[in-house]
Structures are given as structure tokens and as C-alpha cells.
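*Asks:* Quick one: this structure, given as C-alpha cells, is what I'll be asking you about.
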Amino acid sequence: MSFQNPVFIPGPTNIPESLRKACDMPTIDHRSPLFGQILHPAREGVRHVLKSASAEVFIFPSTGTGGWETALTNTLSPGDTVLAARNGMFSHRWIDMCQRHGLTVEVVETPWGEGLPAQRYAEILAADKSRRIKAVLATHNETATGVRSDIAAVRRALDEADHPALLFVDGVSSIASMDFRFDDWGVDCAVTGSQKGFMLPPGLAIVGFSEKAMAATKTAKLPRTFFDVTDMAKGYANNAYPYTPAVGLLNGLNESCRMLLDEGLENVFARHHRIAEGVRAAVRAWGLELCAASPEVYSDTVSAIRTPEGFNATDIVSHAAQTYGVAFGTGLGEVAGKVFRIGHLGSLTDVMTLSGLACAEMCMKDLGLDIALGSGVAAAQDFYRANPALARKEAA
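In this text, residue positions in the sequence shown follow UniProt numbering: the first is 1, and each later residue adds one.
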């Protein structure tokens, strides 16, 4: 792979030079007041990115998967029932984690390419008169299929049933890239990681807890040690962690939040939407289709692109890496070999995106697909020219 080429995977994403420098810092005493000057602003920055006035933000040395485990183990007890839909690889993995922890999962099987079935959730919650369901799991952006779901609709399903279940949201590939409203949507646990919209290296699990979720920690009986938010909160009160933190990454997170908030969250979301629309214009010009079933569920952070029947989409990814030194994403689970994925989130521009589309075209042409070189690039160019990026004084 060429280190000079941007990556077009849905995470880890390209790292701005300023964030690389922020992570590259001398060793400090992580139990000194100086560490608190990194830790607390980073937590406050995340709270703003989540659009929350009061979420308790916990940052663990881990990944999004560790964030999932944090949400489950701190709020639930063995045998508890959770409601979840399986509509992609990452919702599947969260279900698997629940089952491994001894939880009972009521699974709503959903076609890969469709969003969360909020109406089905509403029916199940309304029928749950005994309130056995303790949490509802919702994957905001299914990274494997390029599908965004309506979290507000899931919250309405809970409210209309007057159901007390906690709402857990996987925002790993959406938070800091697409509109996320912790308070407005009544989210109880939001999970993300450092390596996607925050544009940092992997290594941080970032979790927001509501007041209701914090109350649940007092009765939860699932075992936890490393991911215990009570221990972490005690550490934070003393400008510290219960163990050694990833200081450089936390310094990078502090700077990342500053960059995102200086750009303006609505501008960040609009930038991602613009770039994604250019990619979608290219896909149409190629005569291909997205895995996402309809425009209402199109993701603004990743596009999973279906290839013709009988063609192994993974060959495009392998060829791009071996021949051109460029990284695209493979299909996962049920769509393995059927789609390749273009990630368009984090530190990305129109020009960078056009280079990725040009590379994808060369790969498809090399491998015998009926693709006209320049067709997708031209379609994206037309869109970007008609919808120019807003000038930003503090651009990332």
C-alpha cells in the first residue's frame, strides 16, 4: 500500500496532520493535574459532538466493540432480555456479544440493505406488558451495508408504548460524521470509537451514558472490571484513570473535537452528505446499485456497491491494493463477495474522493466489467461543481 494515497475504507479514516501531531506528545504523569487538562476538555468536546447537555462521557482504551461491552455490562444483569434487529454484520456482532454475556435476545431478522424496523419494534414493545425487555439495541449506521436507520423512530416506538427499556445506539460509523442527537432522541447509551468520524488512530472506545443509564449501573449484575464506569468515574474525579490511559490519543481527541466544533457540526454533516452524494452519482453512472434499499436509508459515511451477479466484488478490493496501492472495503457476512465498499467519512475532500472513484473505475475496467473510464468521475465532478463546498476558515 502507498502511504501517499488516502484510504477509502469506512474506518480507520485518514488522519489530518494536526491530529497526528496532537497524538505524538512527550510522556506525562497521567496521575498529575496536567492530565486533567487533557481529559476533561476531551470529554466535554465529545458531549457537544453528541449534542447532549448532560451525558456522562466515558473514554476507554479500546475500540467500538469495547464500547458495546461497556454499555451492556454496566446496565444489565444475566438473563435480561434485549430487543435487536439483525440487518448487517455489526448488528449481528452486537447480538452475538449479548448472547455470550448470557442475555436473552429477541431478534428481528431484517433484510440486509434495509433500515431498522421501527414499526416492528413498536409492535413488540406494545405487546411487552410485563416489561421483560430491558434494552433496545439500534445500529444507527450499519457499516457493512451502507444503511442509516431512523433512531428518532425507534425512540417514538418506545415512547408510544410507554416502555421503560433503555435505548442503546451503535454510532461507531455515524457519530462526528452524521447528525446524532443524544438528548433529542432520548438515547441512553451511545457508542463510538476514535478511528472514524473523530479522524484518529484506533484505540479509544467512546461512550455516552444518560442519567437513566447511570442509575441502571447501581443494579446491573453482569461482571465487569476493565469496563466499569463506576471505577472510571471515580478516577475522573481525581483527574485520573483506574489504570493507565492512552494519553496521546486523548490529546488527539481533544484537538479533534475542537476541529469539528470550529467547523460547525452542521457543516461537518453537510460536508459528508455532499461527498456521499458525489459517490452515489458515480455509482449510478457506472450502472451499478447500492446495497442500501432506498434513498431514505443511504449512509453518508460508507457506500456498499453491488457488483453484477457472478462477479466477485472482493477482487476489486484486492486489485486496488495490489496494483494501485489504494484501500477499499470488502463485503462482510451475507454480502461478502457481492459488494465492495467506499468509505467517505472523516478527513476527506472532493478531490480526494475523485481520486478514489477514478481508482475504482480502473480496477473494474481491469477486471472486465463494462465500465466506461471517467464516467463515474465525471458524474461526481458535475455534482461537486454544482454544489461547491462552503468555505471554512477553520477547515480540518
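Think of the CB as a built atom: it goes at the ideal place given N, C-alpha and C, for glycine as much as any other residue. As the structure is a prediction and not an experimental result, all values here were calculated from the model.
(1) Taking just the CA atoms, how far does Y298 sit from F60?
(2) Buried or exposed, going by whether 16 or more other CB atoms sit within 10 Å of the CB of P111?
(3) Taking the alpha-carbon of I206 as reference, which of A215, K196 and I305 has the nearest alpha-carbon?
(4) Could you give the DSSP three-state label for N141: helix, strand or coil?
(5) Could you say if the region 50-69 and the region 177-191 meet the contact criterion of at least three C-beta pairs nearer than 8 Å?
(6) Pick helix, strand or coil for Q381, following the three-state DSSP scheme.
(7) Beta-carbon within less than 8 Å of A391's beta-carbon, same chain only, minus the 5 sequence neighbours each way: which residues are those?
(8) Evaluate contact between the region 276-295 and the region 347-363, counting only Cβ atoms and requiring at least three cross-stretch pairs below 8 Å.
(9) Run through DSSP, which three-state label would C291 get?
(10) Can you tell me whether F90 is helix, strand or coil according to DSSP?
(11) State the start and end residues of the unbroken alpha helix (DSSP H) segment that holds R156.
(12) For A118, count neighbouring Cβ atoms within 10 angstroms of its own Cβ and tell me buried if that reaches 16, exposed if not.
(13) What three-state label does DSSP hand F35 in the structure shown?
(14) Taking the alpha-carbon positions, what's the G88 to D29 distance?
(15) Any idea what DSSP makes of P78, helix, strand or coil?
(16) Give the straight-line distance between the Cα atoms of S173 and F328, rounded to the nearest whole angstrom.
(17) Using the Cα positions of P41 and F3, report the straight-line distance between them to the nearest angstrom.
(18) Out of S62, M25 and V351, which has the shortest C-alpha to C-alpha gap to L204?
(19) Among the residues of its own chain, which have a CB less than 6 Å from the CB of H92, if the five just before and after it don't count?
(20) How far does the alpha helix (DSSP H) with I124 in it reach, from first residue to last?
(21) Within this structure, are the beta carbons of T65 and D80 separated by less than 8 Å?
(22) Taking all protein chains shown into account, decide if D170 is buried (16 or more other Cβ within 10 angstroms of its Cβ) or exposed.
(23) Along the chain, where does the beta strand (DSSP E) that runs through S303 open and close?
(24) Express the C-alpha separation of L367 and R20 in angstroms, rounding to a whole number.
(25) So what does DSSP say about P6, is it helix, strand or coil?
(26) Looking at R274: is its Cβ nearer than 8 Å to the Cβ of A152?
(27) Hey, M199 and S347 are a contact pair by Cβ (cut 8 Å); roughly how many whole angstroms apart?
(28) Do T314 and G337 count as a contact pair if the criterion is CB distance below 8 Å?
(29) Within the continuous beta strand (DSSP E) that includes A190, where are the two ends?
(30) Do you know offhand how far A224's Cα is from N74's?
(31) List the endpoints of the continuous beta strand (DSSP E) containing A237.
(32) How about V229 and T217: are their beta carbons less than 8 Å apart?
(33) For the alpha helix (DSSP H) that L260 lies in, which residues bound it at each end?
(34) Would you kindly report the start and end of the unbroken beta strand (DSSP E) that includes E56?
(35) Hey, is the region 150-168 in contact with the region 176-186, meaning 3+ C-beta pairs nearer than 8 Å?
(36) Just to confirm, are residue 399 and L83 a CB contact at a threshold of 8 Å?
*Replies:* Straight from the coordinates:
(1) The residue labelled residue 60 in the question sits at position 60 within the sequence shown. The residue labelled residue 298 in the question sits at position 298 within the sequence shown. Straight-line Cα distance between these residues: approximately 30 Å.
(2) In the sequence shown, the residue the question calls residue 111 occupies position 111. With fewer than 16 other Cβ atoms within 10 Å, it is exposed.
(3) In the sequence shown, the residue the question calls residue 206 occupies position 206. Looking at the Cα atoms, K196 is the closest of the given residues.
(4) For the purposes of this step, residue 141 is taken as the residue at position 141 of the sequence shown. Looking at N141 - three-state DSSP - the assignment turns out to be strand.
(5) yes
(6) To locate residue 381, count along the sequence shown from 1; it is residue 381. Looking at Q381 - three-state DSSP - the assignment turns out to be helix.
(7) Translated into the one-based positions of the sequence shown, residue 391 becomes position 391. Only weak support exists for where A391 lies, its pLDDT of 46 falling under 50; the coordinates are left without a value.
(8) yes
(9) In the sequence shown, residue 291 corresponds to position 291, counting from 1. Three-state DSSP puts C291 in coil, outside helix and strand.
(10) The residue labelled residue 90 in the question sits at position 90 within the sequence shown. Correct three-state label for F90: helix.
(11) Locating residue 156 in the sequence shown gives position 156, counting from the first residue. Taken as a continuous stretch (DSSP letters only), the alpha helix (DSSP H) holding R156 covers I151 to E160.
(12) For the purposes of this step, residue 118 is taken as the residue at position 118 of the sequence shown. Classification for A118: buried.
(13) As a first step, residue 35 is located in the sequence shown; it is residue number 35 there, counting from the start. In this structure, F35 counts as helix in the three-state DSSP scheme.
(14) Reading the sequence shown from its first residue, position 88 is the one you call residue 88. Reading the sequence shown from its first residue, position 29 is the one you call residue 29. Rounded to whole angstroms, G88 to D29 spans 42 Å at the Cα level.
(15) The sequence position of residue 78 within the sequence shown is 78, counting from 1. In the structure shown, P78 sits in coil (DSSP, three-state: anything other than H, G, I, E or B).
(16) Taking the first residue of the sequence shown as position 1, residue 173 is located at position 173. Taking the first residue of the sequence shown as position 1, residue 328 is located at position 328. Cα-Cα distance, rounded: 16 Å.
(17) By 1-based counting over the sequence shown, the position of residue 41 is 41. By 1-based counting over the sequence shown, the position of residue 3 is 3. Taking the straight line from one Cα to the other gives about 32 Å.
(18) Sequence index remark: in the sequence shown, residue 204 carries index 204 (1-based). The candidate whose alpha carbon is nearest that of L204 is S62.
(19) For this step, residue 92 is matched to residue 92 along the sequence shown. Excluding positions up to five away in sequence, the list reads R86.
(20) Stepping through the sequence shown from its first residue, residue 124 is reached at position 124. Per DSSP, I124 belongs to the alpha helix (DSSP H) from A118 to A127.
(21) Mapped onto the sequence shown, residue 65 falls at position 65. Mapped onto the sequence shown, residue 80 falls at position 80. Contact flag unset, no.
(22) Here the question's residue 170 lines up with position 170 in the sequence shown. Counting C-beta atoms within 10 angstroms of its own C-beta, D170 has 16 or more neighbours from the protein chains shown and is therefore classed as buried.
(23) Reading the sequence shown from its first residue, position 303 is the one you call residue 303. It spans V302 to R306 - the beta strand (DSSP E) in which S303 sits, taken as one unbroken run.
(24) Mapped onto the sequence shown, residue 20 falls at position 20. Mapped onto the sequence shown, residue 367 falls at position 367. Pairing R20 with L367, the inter-Cα distance amounts to about 36 Å.
(25) Along the sequence shown, one-based indexing puts residue 6 at 6. Three-state result, P6: coil.
(26) Indexing the sequence shown from 1 puts residue 274 at position 274. Indexing the sequence shown from 1 puts residue 152 at position 152. No, they are not a contact pair.
(27) Residue mapping note: residue 199 aligns to position 199 of the sequence shown, counting from 1. Residue mapping note: residue 347 aligns to position 347 of the sequence shown, counting from 1. Confirmed, about 5 Å.
(28) The residue given as residue 337 occupies position 337 in the sequence shown. The residue given as residue 314 occupies position 314 in the sequence shown. Yes, the pair counts as a contact, with Cβ atoms nearer than the cut-off.
(29) As a position in the sequence shown, residue 190 is number 190, starting the count at 1. Where A190 is concerned, the enclosing beta strand (DSSP E) stretches over C189 to G193.
(30) In the sequence shown, counting from the first residue as 1, residue 224 sits at position 224. In the sequence shown, counting from the first residue as 1, residue 74 sits at position 74. Here residue 224 is Arg; the residue named in the question, Ala, does not match the sequence. Their Cα atoms are separated by approximately 7 Å.
(31) Translated into the one-based positions of the sequence shown, residue 237 becomes position 237. For A237, there is no enclosing beta strand (DSSP E); the enclosing alpha helix (DSSP H) covers residues V229 to A237.
(32) Sequence index remark: in the sequence shown, residue 229 carries index 229 (1-based). Sequence index remark: in the sequence shown, residue 217 carries index 217 (1-based). Yes, they are a contact pair.
(33) Reading the sequence shown from its first residue, position 260 is the one you call residue 260. Note, L260: alpha helix (DSSP H), V247 to E263.
(34) For the purposes of this step, residue 56 is identified with residue 56 of the sequence shown, where counting begins at 1. Looking at the DSSP string, the run of the beta strand (DSSP E) that includes E56 is E56 to P61.
(35) Yes, they touch.
(36) In the structure displayed, the chain extends from 1 to 396; residue 399 sits before or after that span and is not available.
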